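Student: First residue of the sequence shown: 9, per our numbering; consecutive thereafter. All residues carry an ideal CB built from backbone N, CA and C; glycine is no exception. Just so you know, these numbers come straight off a predicted model, no measurement behind them.
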Amino acid sequence: MDEKVERLLGIVKKVQEETGYEFSFDEMTDILLYTRRKCEVNGKGEDYIPILFENELSDYLMRREINRMGAMNRCARFATAALV
Numbered sequence: 009m010d011e012k013v014e015r016l017l018g019i020v021k022k023v024q025e026e027t028g029y030e031f032s033f034d035e036m037t038d039i040l041l042y043t044r045r046k047c048e049v050n051g052k053g054e055d056y057i058p059i060l061f062e063n064e065l066s067d068y069l070m071r072r073e074i075n076r077m078g079a080m081n082r083c084a085r086f087a088t089a090a091l092v
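1) Under a three-way DSSP split, which group does residue 96 fall into?
2) Roughly how many whole angstroms lie between the Cα atoms of residue 46 and residue 80?
3) Put residue 80 into one of helix, strand or coil per three-state DSSP.
4) Using only the alpha-carbon positions, how far apart do residue 55 and residue 68 sit?
5) Specify the secondary structure class of residue 10 as computed by DSSP and reduced to three states.
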């Protein structure tokens with residue numbers, strides 16, 4: 009396996025172990041493509057991808073949690089409004 013691929017998979021494994029979340033193949037692919045695009049836009053080289061990729065995996069999980077909490081709050085507001 010390519011050294012770069014092994015490094016990226018190691019990063020995924022590390023984040024999964026730290027968070028308890030298992031990324032799907034599609035999630036990993038989308039996050040990696042986003043990371044590469046972000047590096048291109050900011051003029052960073054390929055050596056920056058692993059650093060940014062780890063951060064983007066964590067940011068993805070944070071956004072998922074924020075969206076989950078928002079959905080729960082909307083449900084709670086809807087349920088409360090229905091009781092009034």
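Tutor: Taking the structure as given:
1) Nothing can be reported for residue 96: it is not among the residues displayed for the chain, which extend from 9 to 92.
2) Position 38 of the sequence shown, counted from the start, is the residue given in the question as residue 46. Position 72 of the sequence shown, counted from the start, is the residue given in the question as residue 80. About 31 angstroms.
3) As a position in the sequence shown, residue 80 is number 72, starting the count at 1. Helix at residue 80.
4) Start at 1 with the first residue of the sequence shown, and residue 55 comes out as number 47. Start at 1 with the first residue of the sequence shown, and residue 68 comes out as number 60. When the Cα atoms are used, residue 55 and residue 68 turn out to be separated by approximately 21 angstroms.
5) As a working mapping, residue 10 is identified with position 2 in the sequence shown. Residue state, collapsed to three classes: coil.
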